[in-house]
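S.K.: I have a structure here, written as structure tokens, and I will follow up with some questions on it.
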Amino acid sequence: MPDAIVLSEFAGIGMPDWVDALIRLVFIVALMTLNTLALIYLERKVLARFQARVGPTRTGPVGILQSAADALKLLTKEDVRPHSADRWVFELAVFFVFVPVFLMFIPIPFTETWFIRDLELGFLYVFAVLGLNIVGVIMAGWGSDNKYALLGGIRAAAQAISYELPMLLAAAGVVMIAAGHLLDAGLVGGALNLNTIVDQQRTTPYILLQPLGFVIFMIGALAEMHRPPFDMPVAESEVVGGYFVEYSGIRWSMFFLAEYTGLFLMVMLGSTVFLGGWNFPFGADAGLGWQIVLTLAKASAMIFVLFWLRAMFPRLRIDQLMAFSWKVLLPFALLQVLANGIILAYGGPDWVVGLVSLALLVSLVALIYVLVRAKAGGDSIHLEPARPRLVTSTEVASGD
Amino acid sequence: MSDVGFHLAFWSLSALTIGGALMIIVSRNLIHAVIFLILSFIGVAGLFITLSADFLALVQILVYVGAIAVLMLFAILLTPRAARDNEESLMRYPAMILMGLVIAAGVFVALETDWGPMREGAIGTQAKIIGESLINQYVLPFEIGAVMLTAALVGAIALARQDDEDLPIHTASLIEEGVLPPPDGDAADAPAGPGDDS
Chain W
-9 MPDAIVLSEF
1 AGIGMPDWVD
11 ALIRLVFIVA
21 LMTLNTLALI
31 YLERKVLARF
41 QARVGPTRTG
51 PVGILQSAAD
61 ALKLLTKEDV
71 RPHSADRWVF
81 ELAVFFVFVP
91 VFLMFIPIPF
101 TETWFIRDLE
111 LGFLYVFAVL
121 GLNIVGVIMA
131 GWGSDNKYAL
141 LGGIRAAAQA
151 ISYELPMLLA
161 AAGVVMIAAG
171 HLLDAGLVGG
181 ALNLNTIVDQ
191 QRTTPYILLQ
201 PLGFVIFMIG
211 ALAEMHRPPF
221 DMPVAESEVV
231 GGYFVEYSGI
241 RWSMFFLAEY
251 TGLFLMVMLG
261 STVFLGGWNF
271 PFGADAGLGW
281 QIVLTLAKAS
291 AMIFVLFWLR
301 AMFPRLRIDQ
311 LMAFSWKVLL
321 PFALLQVLAN
331 GIILAYGGPD
341 WVVGLVSLAL
351 LVSLVALIYV
361 LVRAKAGGDS
371 IHLEPARPRL
381 VTSTEVASGD
Chain H
2 MSDVGFHLAF
12 WSLSALTIGG
22 ALMIIVSRNL
32 IHAVIFLILS
42 FIGVAGLFIT
52 LSADFLALVQ
62 ILVYVGAIAV
72 LMLFAILLTP
82 RAARDNEESL
92 MRYPAMILMG
102 LVIAAGVFVA
112 LETDWGPMRE
122 GAIGTQAKII
132 GESLINQYVL
142 PFEIGAVMLT
152 AALVGAIALA
162 RQDDEDLPIH
172 TASLIEEGVL
182 PPPDGDAADA
192 PAGPGDDS
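Encoded structure:
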């Protein structure tokens, strides 16, 4: 694998290390902003098409400047803080949400040589900094001194903790296979390096070997990023606006910056770990241009699917969501890790791994189908929540 | 790595760790204390990185910040009035003595430990070394830990779970008081109000 590109060589001028690092950080900020503006515009347009509307049209040609206009409006808005809010927690919460997403950018490979830094433990690193996000969300919810914000914050945190586990385990299946391939090639370690994982997918993307892992990963990504149908933390009809209901102006827009950047990074992670990133199907020999087009095309396709899901499904209920993670996804993710371990330990070929994962995926879908049918048909399987229900006085009287 | 950058990182991370730890003690608000605890954990993770223990640093963030600290936040959020009215308590004198002993033990260990191997630098890919020693040399403690965690999990669920889960709480209490007749057979037949969405 060729070495990472060095900016000073790329630009043809000498510069010290810290200038190089600074340029990389500025690059992240610029990419975050542009990506958020573009994704918000695209989401509005795509959703509008799904709902037989036209979306934004007035600002610029086909409304393309709408996001820029919104951003300008938000920047000039007053930054309001509720009188009873806990000042420091309220104001610093934004950074606890923003900085982890910023840090997540670092190990993501765009091409073979283009990334901010090539981290040896990049895979673990991404999930570790993702966990920091939860702290900011709880801080925002609690610091606002608003019960809806608090409810939204607790929901978001509970959801993020629950879905982190199946997601990490699902992606760990890929790391197991990659470690096996690396051992076959006589190399030790490196299976946690995102760029090496991409490099391993020269002929087969890992989605073929771990279809169940990919599905669980995508569901987990939806839940981690509070995307519909898992958007209970920010559900307008239930908790008004969720944990950022009291924020306005620049702080509110930073929440959105973090959210859409997180979305982009999740699909980038999915495209590197499961879809072969810059490698598949042309391999490392394709030039920089092809590699970046491949990575971004895969990421864009996944983003489109996420928008599609938003248009297609109604919102779940919070107890259904938690039960789905702990009772359905986590056992299946564990089963997959177990199956991978047994097959790889006995030196089974790749296609066996893929077949077992596919069988598990089919049984997962079948299980969901059976559960939903039982619910719809009113059969004996109860998906009812254990919580108080309204009993009217007439029913009490008639039941006596 | 340049020497200046290393020293800058070390001193600022140490300041973050110790400053955060001090603020935990000083802060009367439990939520603030947990947030300072998180800052302190992050500082420790940074110190691990300056020691080339990158795997340990990531696990520190993943486990301590991502799970344990968040669990503490949850516990505090769900405890009424935990964040305010934390007055002085007589228990602080025994606590002071206990902490003094713990700090003395820590200083003793730090002085007695042979730090020689530290100067030899990093020992290669840690994830692999830690993983191998967990399932070879230390497999028994590893398994005991796993069983204990499972037992704690089952215990927590047994404590938190209510007995007749199938019945709505209100209906169940009404049956207990004899207002409603016990349901015969299927619990789903219990009276459902307009709020029922099945």
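The listed protein sequences correspond, in order, to chains W and H.
First residue of the first sequence? That's -9 in our numbering, and the numbers climb one at a time after it.
First residue of the second sequence? That's 2 in our numbering, and the numbers climb one at a time after it.
Think of the CB as a built atom: it goes at the ideal place given N, C-alpha and C, for glycine as much as any other residue.
#1: Of the residues that make up the region 126 to 155 of chain W, which ones have a beta carbon closer than 9 Å to any beta carbon in chain H?
#2: When you compare the CB of L78 of chain H with every CB in chain W, is at least one pair closer than 9 Å?
#3: Would you say L324 of chain W and L202 of chain W are within 9 Å of each other, going by their C-beta atoms?
#4: Rounded to whole angstroms, what is the Cα-Cα separation between V60 of chain H and M149 of chain H?
#5: Please identify the residue among W:Q326, W:L253 and W:I30 whose C-alpha is closest to the C-alpha of A161 of chain W.
#6: Beta carbons nearer than 7 Å to chain H: which residues of the region 65 to 78 of chain W have them?
#7: Taking the C-alpha atoms as reference points, what is the distance between P195 of chain W and A20 of chain W?
#8: What did DSSP end up calling R162 of chain H once you bin it into helix, strand or coil?
#9: What is the rounded straight-line gap between the Cα of T285 of chain W and the Cα of L120 of chain W?
#10: I'd like the list of long-range same chain contacts for A248 of chain W, defined as Cβ closer than 7 Å, with 5 residues on each side in sequence excluded.
#11: Identify every run of the alpha helix (DSSP H) within the region 195 to 243 of chain W, keeping only runs that are complete inside it and at least 4 residues long; order them along the chain.
#12: Whole angstroms is fine: what's the gap from G47 of chain H's alpha carbon to G156 of chain H's?
#13: Comparing the C-beta of H268 of chain H with each C-beta of chain W, is any distance below 9 Å?
#14: Excluding sequence positions up to five away, which residues of its chain have a Cβ less than 8 Å from the Cβ of L27 of chain W?
#15: Can you find at least 3 beta carbon pairs, one from the region 286 to 298 of chain W and one from the region 231 to 238 of chain W, that sit closer than 8 Å?
#16: Residues in its own chain within less than 6 Å of A152 of chain H by CB, not counting five upstream and five downstream?
#17: Rounded to the nearest angstrom, how far is the Cβ of Q445 of chain W from that of P223 of chain W, given a contact under 8 Å?
#18: Rounded to whole angstroms, what's the CA-CA distance from I187 of chain W to F204 of chain W? Just pull it up for me.
#19: With a cut-off of 9 Å, does the C-beta of I124 of chain W fall near any C-beta of chain H?
#20: Taking all protein chains shown into account, do 16 or more other C-beta atoms lie within 10 angstroms of the C-beta of W116 of chain H, making it buried, or fewer, making it exposed?
#21: Please confirm whether I293 of chain W and L122 of chain W have their CB atoms less than 9 Å apart.
#22: Of all Cβ atoms in chain W, is any one closer than 9 Å to the Cβ of V71 of chain H?
#23: When DSSP labels each residue in this structure, what does S15 of chain H get in the three-state scheme?
#24: Can you round the beta-carbon distance between L334 of chain W and G170 of chain W to whole angstroms, since I take them to be within the 8 Å contact cut?
#25: Considering H73 of chain W, what are the terminal residues of the alpha helix (DSSP H) in which it resides?
#26: Between A225 of chain W and R217 of chain W, is the Cβ-Cβ spacing less than 9 Å?
#27: Looking only at its chain, what residues have a beta carbon closer than 8 Å to the beta carbon of I136 of chain H, apart from the 5 residues adjacent to it on each side?
#28: When you compare the CB of G121 of chain W with every CB in chain H, is at least one pair closer than 9 Å?
#29: Quick one: grab the DSSP three-state call for N123 of chain W.
#30: CA-CA distance, L111 of chain W and S74 of chain W?
#31: Whole angstroms are fine: how far does the CA of G53 of chain W sit from the CA of L402 of chain W?
#32: Spell out whether any CB of chain H is found under 9 Å from the CB atom of A42 of chain W.
#33: Are the CB atoms of L320 of chain W and P156 of chain W nearer to each other than 9 Å?
#34: By the DSSP assignment, the alpha helix (DSSP H) with N185 of chain W in it spans what residues?
#35: If you drop the 5 nearest sequence neighbours on each side, which residues of the same chain put their C-beta closer than 6 Å to that of E133 of chain H?
#36: Pop quiz: A70 of chain H and V35 of chain H are said to be a contact at Cβ under 8 Å. What is the actual Cβ separation, rounded to whole angstroms?
M.R.: With the structure as the only source:
#1: I128, M129, G131, W132, G133, L140, G143, I144, A147, A148, A150, I151 and E154
#2: In the second sequence, counting from the first residue as 1, residue 78 of chain H sits at position 77. Output row for L78 of chain H: interface = yes.
#3: As a working mapping, residue 324 of chain W is identified with position 334 in the first sequence. As a working mapping, residue 202 of chain W is identified with position 212 in the first sequence. No, they are not a contact pair.
#4: Taking the second sequence and counting its residues from 1, one reaches residue 60 of chain H at position 59. Taking the second sequence and counting its residues from 1, one reaches residue 149 of chain H at position 148. If I take the Cα positions, the gap works out to 20 Å.
#5: Here residue 161 of chain W is taken as the residue at index 171 of the first sequence, counted from 1. The residue with the shortest Cα to Cα distance from A161 of chain W is W:Q326.
#6: none
#7: In the first sequence, counting from the first residue as 1, residue 195 of chain W sits at position 205. In the first sequence, counting from the first residue as 1, residue 20 of chain W sits at position 30. Distance between the alpha carbons of P195 of chain W and A20 of chain W is about 30 Å.
#8: As a first step, residue 162 of chain H must be located in the second sequence, where it is residue number 161. It is coil, neither helix nor strand.
#9: Numbered from 1 along the first sequence, position 295 holds the residue referred to as residue 285 of chain W. Numbered from 1 along the first sequence, position 130 holds the residue referred to as residue 120 of chain W. One C-alpha to the other measures close to 21 Å.
#10: Looking up residue 248 of chain W in the first sequence gives position 258. Correct list, in chain order: V87, F88 and V91.
#11: 196 to 199, 201 to 214 and 226 to 229
#12: The sequence position of residue 47 of chain H within the second sequence is 46, counting from 1. The sequence position of residue 156 of chain H within the second sequence is 155, counting from 1. G47 of chain H and G156 of chain H: Cα-Cα distance of roughly 35 Å.
#13: Examination of residue 268 of chain H is not possible in this model, given that chain H is present from 2 through 199 alone.
#14: By one-based count along the first sequence, residue 27 of chain W stands at place 37. Excluding positions up to five away in sequence, the list reads S57, A58 and A61.
#15: Taking a contact to require three or more Cβ pairs closer than 8 Å, the region 286 to 298 of chain W and the region 231 to 238 of chain W do not qualify as touching.
#16: If you number the second sequence from 1, residue 152 of chain H lands on position 151. Excluding sequence neighbours, A152 of chain H sits near nothing in its chain.
#17: This structure cannot settle anything about residue 445 of chain W, because the visible part of chain W is limited to -9 through 390.
#18: Translated into positions along the first sequence, residue 187 of chain W becomes position 197. Translated into positions along the first sequence, residue 204 of chain W becomes position 214. Rounded to the nearest angstrom, the two C-alpha atoms are 15 Å apart.
#19: Taking the first sequence and counting its residues from 1, the one referred to as residue 124 of chain W is at position 134. Closer than 9 Å: yes.
#20: Position 115 of the second sequence, counted from the start, is the residue given in the question as residue 116 of chain H. Result: exposed.
#21: For this step, residue 293 of chain W is matched to residue 303 along the first sequence. For this step, residue 122 of chain W is matched to residue 132 along the first sequence. Contact flag unset, no.
#22: As a working note, residue 71 of chain H is residue 70 in the second sequence. Judged by the 9 Å Cβ criterion, V71 of chain H is in contact with chain W.
#23: The residue you call residue 15 of chain H lines up with position 14 of the second sequence. Helix at S15 of chain H.
#24: For the purposes of this step, residue 334 of chain W is taken as the residue at position 344 of the first sequence. For the purposes of this step, residue 170 of chain W is taken as the residue at position 180 of the first sequence. Yes, L334 of chain W and G170 of chain W are in contact; Cβ-Cβ is about 5 Å, under 8 Å.
#25: Counting from one through the first sequence, the residue named residue 73 of chain W turns up at place 83. Here H73 of chain W belongs to no alpha helix (DSSP H), and DSSP marks it neither H nor E.
#26: Within the first sequence, the letter at position 235 stands for residue 225 of chain W. Within the first sequence, the letter at position 227 stands for residue 217 of chain W. No, they are not a contact pair.
#27: Position 135 of the second sequence, counting from 1, holds the residue named residue 136 of chain H. So the list reads F143, once near-sequence residues are dropped.
#28: Taking the first residue of the first sequence as 1, we reach residue 121 of chain W at position 131. With a threshold of 9 Å between beta carbons, G121 of chain W makes contact with chain H.
#29: Within the first sequence, numbered from 1, the residue matching residue 123 of chain W stands at position 133. Here N123 of chain W sits in helix by DSSP.
#30: As a working note, residue 111 of chain W is residue 121 in the first sequence. As a working note, residue 74 of chain W is residue 84 in the first sequence. Each residue's Cα considered, the two are about 43 Å apart.
#31: For residue 402 of chain W there is no data in the structure shown, the boundaries of chain W being -9 and 390.
#32: Residue numbering aside, residue 42 of chain W sits at position 52 when the first sequence is read from its first letter. Not one chain H Cβ lies under 9 Å of A42 of chain W.
#33: Looking up residue 320 of chain W in the first sequence gives position 330. Looking up residue 156 of chain W in the first sequence gives position 166. Cβ distance < 9 Å, so L320 of chain W and P156 of chain W count as in contact.
#34: As a working mapping, residue 185 of chain W is identified with position 195 in the first sequence. Per DSSP, the continuous alpha helix (DSSP H) segment holding N185 of chain W begins and ends at L184 to D189.
#35: Taking the first residue of the second sequence as 1, we reach residue 133 of chain H at position 132. Excluding residues within five positions, none has a Cβ falling inside 6 Å.
#36: Position 69 of the second sequence, counted from the first residue, corresponds to residue 70 of chain H. Position 34 of the second sequence, counted from the first residue, corresponds to residue 35 of chain H. With a Cβ gap of about 6 Å, A70 of chain H and V35 of chain H count as contacting.
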